[in-house]
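Undergrad: Its first residue numbered 62, the sequence shown is counted upward by one per residue in our numbering.
Yeah, the Cβ is synthetic: ideal placement off N, Cα and C, and Gly gets one too.
Every value quoted in this text rests on a predicted model; they were computed, and no experiment measured them.
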Amino acid sequence: SAKGEAVAQDGWVYASLGGSLTARLASGFEVGVDIPKNALPEHVSINITSADPNTQGPAGRVVVGGVIYDIKVVSLATQKEIHNFALPITVRLTLSEAILKLFNPSQLQISYYDKTTGKWTQLPTRVEGNTIIATTTHLSPVALNSCAATSSCDDYQLPNDKPLTQPFFKRLANWLKFW
């Protein structure tokens, strides 16, 4: 996906029923959110867009696809954004198999940006097929990220046993910005 690729998907969730919303990108990426019934105090609208292109991802990590997603949950009654939920919600990011093969699945992480603290928080993340899944009770901009040019990533081996090196991650990061 191109950096700043326009992503927009709108939907509504009724508090007592819960619901899901998924935005599909032309590049083959998908971003979705699943909200269980009674996780919300009121009925909401959900909007999934690409975040401001100037938003920086988590330090020391590569944002997979070069796009940070802004998932906004807004009260239908007050029009105020809701960031916290009574029950965990699920964030799903689905990649093409070709992109997923570029990364060590154990290094993929979904993080959210806390606008109040100005910090990224990594969420407990699991990989199911080509979908990366995290649960959280807080929601604001999210990014799928992986290790960058750090020593913790240098140990990952490609199938042909060539270690991933710092220059590889720099090339990969540049490639993903424009993909």
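(1) Leaving out the 5 sequence neighbours to the left and right, which residues in its chain are closer than 6 angstroms to Ala-76 when beta-carbon positions are compared?
(2) Relative to the alpha-carbon of Ser-167, which residue among Thr-196, Pro-185, Ser-106 and Pro-119 has its alpha-carbon at the smallest distance?
(3) Quick check for students: name the residue ranges of the alpha helix (DSSP H) that lie wholly in the region 149-176, counting only runs of 4 or more.
(4) Which residue comes first and which comes last in the beta strand (DSSP E) that contains Glu-142?
(5) When you compare only the Cα positions, how much space is there between Gly-121 and Leu-154?
(6) Using the three-state DSSP reduction, which class does Val-128 fall into: helix, strand or coil?
(7) Note down the Cα distance separating Ile-96 from Val-124, rounded to an integer number of angstroms.
(8) So, using beta-carbon positions, are Asn-206 and Pro-114 closer together than 9 angstroms?
(9) I'd like to know whether the C-beta atoms of Ile-143 and Ile-109 end up nearer to each other than 9 angstroms.
(10) Is the separation between the beta-carbon of Ile-107 and that of Val-74 shorter than 9 angstroms?
(11) Let's see if you can read the secondary structure: which residues bound the beta strand (DSSP E) around Gly-179?
(12) Applying the 10 Å Cβ sphere with the 16-neighbour rule, what's the burial state of Glu-91?
(13) For Thr-198, I'd like the list of residues in its chain whose CB is within less than 8 angstroms of its CB, leaving aside the five on either flank, ordered along the chain.
(14) Quick check for students: name the residue ranges of the alpha helix (DSSP H) that lie wholly in the region 72-109, counting only runs of 4 or more.
(15) For Ala-204, list the residues DSSP reports as bridge partners.
(16) Report the residue from Gly-72, Ala-204, Ser-172 and Trp-181 whose alpha carbon sits nearest the alpha carbon of Ser-136.
(17) What separation, rounded to the nearest whole angstrom, lies between the Cα atoms of Ala-204 and Ser-81?
(18) Could you check which residue in Lys-141, Gln-140, Ser-201 and Thr-139 has the C-alpha nearest to that of Thr-178?
TA: In short, the structure shows the following:
(1) By 1-based counting over the sequence shown, the position of residue 76 is 15. Cβ neighbours of Ala-76 beyond the five flanking positions: Leu-101, Glu-103 and His-104.
(2) In the sequence shown, residue 167 corresponds to position 106, counting from 1. It is Pro-185 whose Cα lies nearest to the Cα of Ser-167.
(3) 158-161
(4) Position 81 of the sequence shown, counting from 1, holds the residue named residue 142. Per DSSP, Glu-142 belongs to no beta strand (DSSP E) and is neither H nor E.
(5) Locating residue 121 in the sequence shown gives position 60, counting from the first residue. Locating residue 154 in the sequence shown gives position 93, counting from the first residue. Roughly 20 angstroms between the two C-alpha positions.
(6) Looking up residue 128 in the sequence shown gives position 67. Correct three-state label for Val-128: coil.
(7) If you number the sequence shown from 1, residue 96 lands on position 35. If you number the sequence shown from 1, residue 124 lands on position 63. If you take the alpha carbons of Ile-96 and Val-124, they lie about 24 angstroms apart.
(8) Here residue 206 refers to the residue found at position 145 when the sequence shown is read from its first residue. Here residue 114 refers to the residue found at position 53 when the sequence shown is read from its first residue. The answer is no: Cβ separation not under 9 angstroms.
(9) Residue mapping note: residue 143 aligns to position 82 of the sequence shown, counting from 1. Residue mapping note: residue 109 aligns to position 48 of the sequence shown, counting from 1. Contact: no.
(10) Indexing the sequence shown from 1 puts residue 107 at position 46. Indexing the sequence shown from 1 puts residue 74 at position 13. Yes, Cβ-Cβ distance for Ile-107 and Val-74 is below 9 angstroms.
(11) To locate residue 179, count along the sequence shown from 1; it is residue 118. Counting along the chain, Gly-179 falls outside any beta strand (DSSP E), and DSSP gives it neither H nor E.
(12) Locating residue 91 in the sequence shown gives position 30, counting from the first residue. Under this definition Glu-91 is a buried residue.
(13) In the sequence shown, the residue the question calls residue 198 occupies position 137. Non-local C-beta neighbours of Thr-198 in its own chain, meaning closer than 8 angstroms and more than five positions away in sequence, comprise Asn-145, Phe-146, Ala-147, Leu-148, Pro-149 and Ile-150, ordered along the chain.
(14) none
(15) Within the sequence shown, residue 204 is the residue found at index 143, counting from 1. Residue pairing from DSSP places Ala-204 in a beta bridge opposite Ser-172.
(16) Counting from one through the sequence shown, the residue named residue 136 turns up at place 75. If we check each option's Cα against that of Ser-136, Gly-72 comes out closest.
(17) Against the sequence shown, residue 204 aligns to sequence position 143. Against the sequence shown, residue 81 aligns to sequence position 20. Each residue's alpha carbon lies about 18 angstroms from the other.
(18) Within the sequence shown, residue 178 is the residue found at index 117, counting from 1. The shortest C-alpha separation from Thr-178 is found at Ser-201.
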